[in-house]
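Order-wise, the sequence lines are chains W and D.
For the first sequence, my numbering assigns the number 1 to the initial residue and increments by one for each residue that follows.
For the second sequence, my numbering assigns the number 1 to the initial residue and increments by one for each residue that follows.
By construction, the Cβ of each residue, glycine as well, lies at the ideal position given by its N, Cα and C atoms.
Notes follow once the structure below has been shown.
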Amino acid sequence: MPGMNSGLNPADPTLVAAFRSALFHQGAIALIAIVFLWLIWATARTWRVAPPGASGGAPGADTAEARGRRLLRIGFGLLWIFDGILQAQPKMAGGLASQVIEPIAASSPTWVQRLVNWGGTAWSYHPIQAGAASVWIQVGIGAWLIVASRGFWSRLAGVASVGWGLIVWVFGESFGGIFAPGLSLLTGAPGAVLVYAVAGALIALPEGAWRGPRLGRLLLAGLGLFFLGMALLQAWPGRGFWQGTVDGKPGTLSGMVQSMSGTPQPHFLSSLLSAFGSFGASNGFAVNLVVVIALAALGAIFLTGQPRLVRYAVAFGIVFCLADWVLVQDLGFLGGFGTDPNSMIPMALLFSAGYLALAPAAQEATVPQEATVAEEAKVAEEAAGLAAAGVAGASGTAAGNGAISNGSTAGDGGTATGDGPSESDRPTAWGRRLRPQALGAALATARARSVAAVAALVVILIGAAPMASAAANRTADPILALAIAGNSTVLNLPAPTFSLTDQNGQTVSLASLRGKVVLMTFLDPVCSTDCPLIAQEFKQTGQLLSAQAKNVELVAVVANPTYRSTVFTRAFDRQEGLATVPNWLYLTGSLSQLSAVWQHYGITVENLPAGAMSAHNDLAVVIDPSGQIRQEVPADPGPGTSSTKSSFSVLLSQYARQALGRS
Amino acid sequence: MIRGLTRGGLAMACAALLAACGSQRAVVTSPGPAAVTVPLGTSLVTAQGTWAIAVMGGSAASNNNFWQLFVRPAGASRWSLVTPEGAADNGGLVAAGASTSLVVGFRPSQNLTYSPLATSADTGKNWTPGLLYADLADSPGALAISPSGRTLALLQDGTIQTAPTAAAASAGQWTPLTTRKALAASAPGRSCGLTGVVAVSFGPNKDPMAAGSCTRPGVAGVFTDAGGTWRSAGLVLPGKDAVQVLGLTATTGGNVALLATGNSLLAAWWNGTRWTVSAPVTASTVRALGFGADGSAWLLLGNGHAETIGGAGGSWQALLSVPPGTVTLAPQGTATLAPGSSAAAEGYDALAVSGSKLTVWQLHQGAWAKVQLITVPIVYGSSS
């Protein structure tokens, strides 16, 4: 898939160092921002005098969060944080596209590959920003889910989980591989992160939906149908799951298990997987039969919606999921490129939450409905900082005033009642909300968890903003070029003179180019590897320079002792689309003339025997308008992907602009 | 009712998911032009000597396969490596000889899209660079050069280009002679149902010739260009199978063609007016083929078998099973062998390849004997 793979070594030290640096800096910014936010909040609380009766409220009248919702929120919050930490592995920035995304998409239909490539290209062009964004967005979403337990901000966290989950499901998991052959729940269908999105959607529901057993029944019914479908898929003949071996090779399941056992991991794990893979190869029919029956049974029981039956099914399901998570999915996150612990843990959380939602706990307190509504509105306004503390709607009743969730203390100043505006004066107008006094009051009365939710959102933005900015730039990050070829050498030497013949037979000397920046390299006109790539980089450099290009000359000198006449330079220009580039010169001359230029510029050129192309070092130099060499740039183009070519072009254009700036 | 609709909707969604999961990815087949592929490894004889082309080195997938050109000068007994330098030949080498020179074409590979040329008049000691700004066909018969220096080049898309002189060829001054479509649409092309062109040559009158594969049973696709009009050379074989021309070359008296029809291979000789066809030899796999200067021809078949024929009127002679790794045969010298002579069966070298080593075998008293070993200094990784 062109564009998506930078072709670089994921462990390249330059990339890894840049990734670590970006994470460190963004982490520091996030920390500063969080501390700053906390200081503002603490200061506002200290300075603001609580209005009389502010501490009013119905003590003890607290509505506990639904257990199922809490399980999802905290469970998936922790999962998102864990996934964010996994994204910080050193090789992720340089390797996610090539080692994870591309292999997953490779077995999917072409349209999936094109779609994934469109998104993956952005990653390969800006791997550092993309890698760091993935870390902070996921950590931020996870923290947000955990700290925002109730109300608008909690539901918004669920929405964020849905949004990011779907993005990862499409572009990172190629729709969970559901369009690729070999789909099975055991191996991760329908995509782990889709389960995150479903959980997020459930968290985003109004809390009233969690009060009765209906949501639990619906959720379990959906899961029941899903498990039945997966059982049918697992049982479908001809997909290789019933056979432990096929033509002497491991079947579908045992083959995957044995390949997973080869992943870098602790020896005891790989041994366990290897043993299970061997067992599966020898007893493929029995293993698959157990799986089919287990999935069918789970599905059927979930469909019944009977709490007693579901309880046992959930217990069995958790054991089944854990077994699959260890024996088939190999914990999901090992090997250096694991992005999540795969699907079994999220799946277990989901159906456990469904069971808990099916049987709401007795300890959920009963609270007047209007207090619950008012309480939600109160939390929303506090966290947004957009309402005066004395909002009538939230303070309309004593129960409403006291119905503060999250267990906030009086010290939080969580309730603002009585002295605030009456209900008829409820400040719904944005203007009133944005008054400094109102903002200060809102900030002072905000709960700690609301502030923490805002802090989590700040973490997300710190990750997302640089990536959004980078993605808007259609050129690649120069870090790729630096990783491939290394840093340039800053010089200040007179450029050796030359007088050669251009592709049109005209004599060109370095002196005739005085007054312009000269970007010069050495190209073999019959080269089949690097030189066409370097030529394209020079061509793109000219395009990037746009209006400044008229002050820059793009020059190549022939680097082949045999195929060096203008016949070949013109053929090369034609092949690379350079014939019409006005500031492009491809220079050649006699062997002695060329040899002198090669020697003066440190280029070694020699013919190699036995069918090899001429050998020469890849180098470019930047000559300023006064004729001084300012940069010596290693020009090895590396894999020559669209991202690396773009990166080199950006780097060369930067050097050209620097040289222009000095003139 | 709502609950039922919800469950029904969920069921439909799962069913759709199953349908998507159960479907296999569609196998995309893209119809391409009819491909006629004959291996590039071959040998040819000119006045300078006998030349052989063989691929050596590592895998093509890693661009570590390098094509080599060897020559045994006329009158000499030993082979030398004379691969032209200055261009990578991972894409293959094609050669054509005239009385005083040999022209070699480098098939493009990787990021190169055109074909450098090299011409030598001193058995490969020195080479003059040339250019064909196009993709030379993947066939040993893709180049032809007449004694006057006029050169023909068959391109990968079936176009035939011509350069009036060797100097023009070196200077990249080629002009189109015809295309596969135009040839297929011509009267003789339609008569035979031409599907692909595989070789170019010059006829007895030095007119350009082209040969390829036809669909009409029994009709061999051999054509001559007489003043801009293409005519069939009139080669028709008995039988109900389509005929594929595997190779075509010029001799002093005319042309020789190697043909495949059904499971049979044949040789045919043309003196400009009349064809003489050999008896068939049964074979399904051709690993290499080539011609001698005297109208002789050879076939390297699967399972180590080889057949040779001395000339028009001759019969196929089976060679002793060739040594393992044999990639091409090469006639010994330019002596004319009497048709039917058993000596014809012994007049060939077998060139075997193992990595970077070329072993030359000769038949002596009914057995293959190793007579020369050449270690080629392949530069692995130079094209990566």
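| Item | Value |
| --- | --- |
| Assigned secondary structure, residue 138(W) (DSSP; H/G/I helix, E/B strand, else coil) | helix |
| Cα-Cα separation, residue 478(W) to residue 355(D) | 41 Å |
| Residue 412(W) - DSSP class collapsed to helix/strand/coil | In this predicted model, residue 412(W) has a pLDDT of only 37, less than 50, meaning its place in the structure is not dependable; the value taken from the coordinates is given anyway. Of the three classes helix, strand and coil, the one that applies to residue 412(W) here is helix, per DSSP. |
| 8 Å Cβ cutoff met for residue 142(D) and residue 129(D) | no |
| Per-residue DSSP class, three states only, for residue 611(W) | coil |
| C-alpha gap between residue 313(D) and residue 191(D), whole angstroms | 28 Å |
| Runs of alpha helix (DSSP H) wholly within the stretch 443 to 477 of chain W (minimum 4 residues, chain order) | 448 to 472 |
| Euclidean distance between Cα positions of residue 434(W) and residue 443(W) | 12 Å |
| Backbone CA spacing between residue 187(D) and residue 48(D) [nearest angstrom] | 39 Å |
| Whole-number beta carbon distance between residue 253(W) and residue 241(W), since they are thought to touch under 8 Å | 6 Å |
| Through-space distance from residue 96(W) to residue 126(D), alpha-carbon basis | 51 Å |
| Exposure of residue 176(D), with buried meaning 16 or more beta-carbon neighbours within 10 Å | exposed |
| Residue 214(D) - containing beta strand (DSSP E), residue span | 208 to 214 |
| Residues near residue 162(W) by beta carbon distance below 6 Å, same chain, minus five either side | 197, 200 and 201 |
| Endpoints, beta strand (DSSP E) assigned at residue 133(D) | No beta strand (DSSP E) contains residue 133(D), which DSSP labels as neither H nor E. |
| For residue 628(W), the nearest candidate out of 259(W), 483(W), 519(W) and 536(W) (CA to CA) | 519(W) |
| First and last residue of the uninterrupted alpha helix (DSSP H) at residue 181(D) | 180 to 185 |
| Those residues which DSSP pairs with residue 600(W) across a bridge | Per DSSP, none; premise fails for residue 600(W). |
| Interface partners of residue 89(D) on chain W, CB under 8 Å | 611 |
| DSSP bridge partner residues for residue 198(W) (one or two, in chain order) | According to DSSP, which records beta bridges pairwise, residue 198(W) is partnered with nothing at all. |
| Counted within 10 angstroms of its Cβ, other Cβ atoms place residue 616(W) as buried (16 or more) or exposed | buried |
| 7 Å CB neighbourhood of residue 534(W) in its chain, flanking five on each side removed | 521, 523, 618, 635 and 637 |
| Chain-ordered chain D contacts of residue 586(W) [CB-CB under 7 Å] | None at all; the shortest Cβ gap to chain D is about 15 Å. |
| Coarse secondary structure for residue 173(W), derived from DSSP in three states | coil |
| At least 3 beta-carbon pairs within less than 8 Å: the stretch 454 to 462 of chain W vs the stretch 557 to 564 of chain W | no |
| Within-8 Å CB hit, residue 563(W) to chain D | yes |
| Same chain only: Cβ atoms within 7 Å of residue 449(W), ignoring 5 sequence neighbours per side | 147, 148, 149 and 406 |
| Assigned secondary structure, residue 580(W) (DSSP; H/G/I helix, E/B strand, else coil) | coil |
| Minimum Cβ-Cβ distance from residue 243(D) to chain W less than 8 Å | no |
| Min CB distance residue 527(W) to chain D below 8 Å | yes |
| For residue 384(D) and residue 62(D), believed in contact at Cβ under 8 Å, the rounded distance | 7 Å |
| Sequence-distant residues of its chain with Cβ nearer than 6 Å to residue 143(W) (five each side left out) | 456 |
| For residue 563(W), three-class secondary structure by DSSP | coil |
| Extent of the continuous beta strand (DSSP E) run through residue 65(W) | From DSSP, residue 65(W) is part of no beta strand (DSSP E); its letter is neither H nor E. |
| Rounded separation between residue 316(D) and residue 331(D) - CA only | 15 Å |
| Residue 10(W), buried or exposed, once every other Cβ within 10 Å from all chains shown has been counted against 16 | buried |
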